[in-house]
Structure formats: structure tokens, C-alpha cells
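Chemist:
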Amino acid sequence: MSYTIPNLFLDAFGLKVNQVYRPELSTGNPDKPKGLFSGMEIAENINESFDTSSRGTAILFPIDFSEGNYKKYNDKGELINVNMGDFRLPIASVVSFRRDKIMSQTKINGGRGSVKEVYGFDDWQVTINGFLIPDNSQKQGFTTPLKQEKELVKWDNLASSIEVFGELFTLRRITNLAIKGITFEPMRGKPNIRTFTINALSDESIELNIKSGI
């Protein structure tokens with residue numbers, strides 16, 4: 020059974036994902052791709068490749084859930100601590116971001132438009148779409164789709180926000196995610212591939228200073 024990652028994204032999510040050609044390791048500079056490499060985006064600097072797959076292809080924007088002590092509910096409904104190890108999300112993952120402003124709009128009598136008062140920014144709405152595929156380069160040993168799905172379910176079961184690392188998240192100053200929901204779906208004609216979608220919100224610590232009159 021053969022497939023390409025761009026075709027999988029197009030079939031499953033309607034997303035067009037361009038392929039990337041990785042520069043030569045010896046020089047750090049890209050060759051001029053021809054033939055099978057035509058139409059690919061060229062990474063001008065090998066340092067742009069933060070990670071590589073088992074086939075040596077570049078993973079430009081990997082997403083990692085960071086190890087740490089988190090909260091979850093046990094079978095008795097009690098909140099307990101649980102230690103989680105690092106988890107690099109499946110390499111065939113793409114992330115989208117959306118954020119609204121918190122504003123008040125006042126209509127103008129006899130005029131056009133409105134008066135807008137901006138009070139702040141809402142949370143980032145984060146959607147991660149991807150595939151669970153065999154991956155021998157998975158750092159934590161989750162090399163099969165089943166192992167990856169089980170690990171994602173463990174993270175979804177947490178009752179606390181998750182520390183996340185990735186350049187696209189750092190760019191938006193997102194350090195933690197609160198998972199709202201996760202979906203797993205099979206792909207027709209591809210029994211060893213499953214799609215997943217994570218819907219999450221950005222989360223950040225809020226410090227409250229309480230002044231005591233005592």
C-alpha cells in the first residue's frame with residue numbers, strides 16, 4: 020500500500036500541504052531539485068530542520084507535549100497526580116490558530132459603523148490535524164498507530180493544561196494547552212492509518228495578589 024502525506028491531508032481534511040526538500044547534510048545548502056523534487060519548497064538552511072523522520076526527511080515544525088507532573092481523575096473521581104513523559108506528536112501533523120479580540124461595539128445613531136472598545140484578547144483556539152502512521156523515528160518509542168493513539172488518549176485524560184513546545188507556539192507565546200476534545204477516525208482503504216483532530220485552547224497562569232487588611 021502506497022500513499023503520500025500531502026495526499027492524505029487532502030483526502031482527510033481538505034488541506035493542501037506542500038512537500039519540502041531537505042538540503043544536503045555535507046554543505047548545509049540546498050541542491051537544485053529537479054524531476055521528482057519539482058514543485059517542492061526548499062529549506063535554504065539545514066538548521067531550519069529541527070528534526071528528521073526515519074527516512075531523513077525534514078520535520079520543520081514538530082510539536083511536543085512536555086514531561087511533568089499533571090492532574091487527572093482516578094476511577095473514584097478523585098484528583099490525583101500523574102507523571103507524564105515527553106511525547107512528540109505524530110510527524111504528519113499540522114496546526115492552525117485562531118484568536119478573537121474581546122471588544123464592545125456601540126452603534127452610532129444616524130451614522131455609519133460603530134464605536135469599538137477593545138478590552139483584551141481571547142484565548143487562542145488551536146486545532147491540530149494529523150495522522151497516526153508507522154513511524155520508526157518516534158523518539159519515545161510510540162512507533163505504531165495504536166501506541167500513538169493510546170498515548171494521545173492518556174494526554175486527553177488529564178485534568179490540567181499541558182505544557183507544549185514548538186516554534187509555531189513560541190511565536191504566539193503559547194506555553195500551555197487545555198484540550199477541549201479529540202477525535203479519531205479511520206481512513207477508507209487504509210487500515211493501518213487513522214486520522215486525529217485535537218481541539219484546544221491556549222492556557223496561561225494568572226497571578227492574583229490579595230491585599231489583606233489585617
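My numbering puts the first residue of the sequence shown at 20, with every later residue one more than the last.
The C-beta atom is built at its ideal place from N, Cα and C for all residues, glycine as well.
Bear in mind that the values here come from a model prediction, so they are computed numbers and not experimental data.
1. Can you tell me the Cβ-Cβ gap for proline 109 and aspartate 154, rounded? I've got them flagged as a contact below 8 Å.
2. Phenylalanine 188 and isoleucine 201: beta carbons closer than 8 Å?
3. Going by DSSP, what residues sit across from glycine 149 in a beta bridge?
4. Quick one: what's got a C-beta closer than 6 Å to lysine 135's C-beta in the same chain, skipping five residues either side?
5. Compute the Euclidean distance between the alpha carbons of lysine 230 and arginine 213, then round it to the nearest angstrom.
6. Might you give, ordered along the chain, the residues of its own chain that have their beta carbon closer than 8 Å to the beta carbon of aspartate 256, omitting 5 neighbours on each side?
7. Straight-line CA distance for asparagine 102 to valine 113?
8. Name the residue from Gln157, Arg117, Pro205 whose alpha carbon lies nearest to the alpha carbon of phenylalanine 140.
9. Check whether the Cβ atoms of aspartate 222 and leucine 196 sit closer than 8 Å, and answer yes or no.
10. Counting only the same chain and skipping the five closest in sequence on each side, list residues whose C-beta sits under 6 Å from that of asparagine 176.
11. Return yes when the Cβ of threonine 146 is within less than 8 Å of the Cβ of serine 180, no when it is not.
12. Taking its Cβ as the centre, do 16 or more other Cβ atoms sit within 10 Å of glycine 149, making it buried, or is it exposed?
13. For leucine 151, count neighbouring Cβ atoms within 10 angstroms of its own Cβ and tell me buried if that reaches 16, exposed if not.
14. Counting C-beta neighbours from all protein chains within 10 Å, is the total for leucine 165 16 or more, i.e. buried, or is it exposed?
15. Considering only their Cβ atoms, is the gap separating lysine 199 from leucine 220 smaller than 8 Å?
16. Helix, strand or coil: which one does DSSP assign to lysine 199?
17. What does DSSP give as the partner residues of valine 134 in its beta bridges?
18. Which of the three DSSP states is assigned to glutamine 144 in this structure?
19. Within the same chain, show all residues whose beta-carbon is closer than 7 Å to that of glutamate 86, passing over the 5 residues directly before and after it, in chain order.
Modeler: On the basis of the coordinates in this document:
1. 7 Å
2. no
3. Ser112, Phe215
4. Met122, Gln124
5. 53 Å
6. The structure shown has nothing for residue 256, since the chain only spans 20 to 233.
7. 27 Å
8. Arg117
9. yes
10. Lys91
11. no
12. buried
13. buried
14. exposed
15. yes
16. strand
17. Thr125
18. strand
19. Met103, Gly104, Asp105
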